[in-house]
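Below is one structure, written out as structure tokens; the observations come after it.
Residue numbers (full-length UniProt numbering): 1 to 81.
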């Protein structure tokens, strides 16, 4: 029997409750700086930081260069690409 009181796909959280992570630090390969090994995200509502590693094993890189800006992306955006 189907209930008509509650929609089957009721929303679990309101859109205002989503905590969006913004990238604040990038971990680069020190030998190939165009290779991003990981990114630290800061969440807007809680202020919590979480690092996501993009290495093959998804673990912390043994050696990484931490930067707070990506100059090679900024130069591309100025050129329109």
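Backbone N, C-alpha and C define an ideal beta-carbon position, used for all residues, glycine too.
Extent of the continuous beta strand (DSSP E) to which residue i belongs
i          : result
residue 43 : 36-43
residue 22 : 21-28
residue 65 : 65-67
residue 55 : That residue, residue 55, is in no beta strand (DSSP E); it is neither H nor E in DSSP.
Residue burial classification, residue i (beta-carbon count within 10 angstroms, cutoff 16)
i          : result
residue 65 : exposed
residue 26 : buried
Proximity of residue i and residue j at Cβ, strictly below 7 angstroms
i          : j          : result
residue 20 : residue 44 : yes
residue 33 : residue 42 : no
residue 57 : residue 30 : no
Contact belief for residue i with residue j at Cβ below 8 angstroms, rounded distance in angstroms
i          : j          : result
residue 24 : residue 35 : Rounded, the Cβ-Cβ distance is 19 angstroms, inconsistent with contact.
Rounded straight-line distance, which links the Cα of residue j to that of residue i
i          : j          : result
residue 61 : residue 55 : 7 angstroms
residue 47 : residue 70 : 22 angstroms
residue 37 : residue 18 : 26 angstroms
residue 51 : residue 28 : 13 angstroms
residue 53 : residue 59 : 6 angstroms
residue 22 : residue 72 : 19 angstroms
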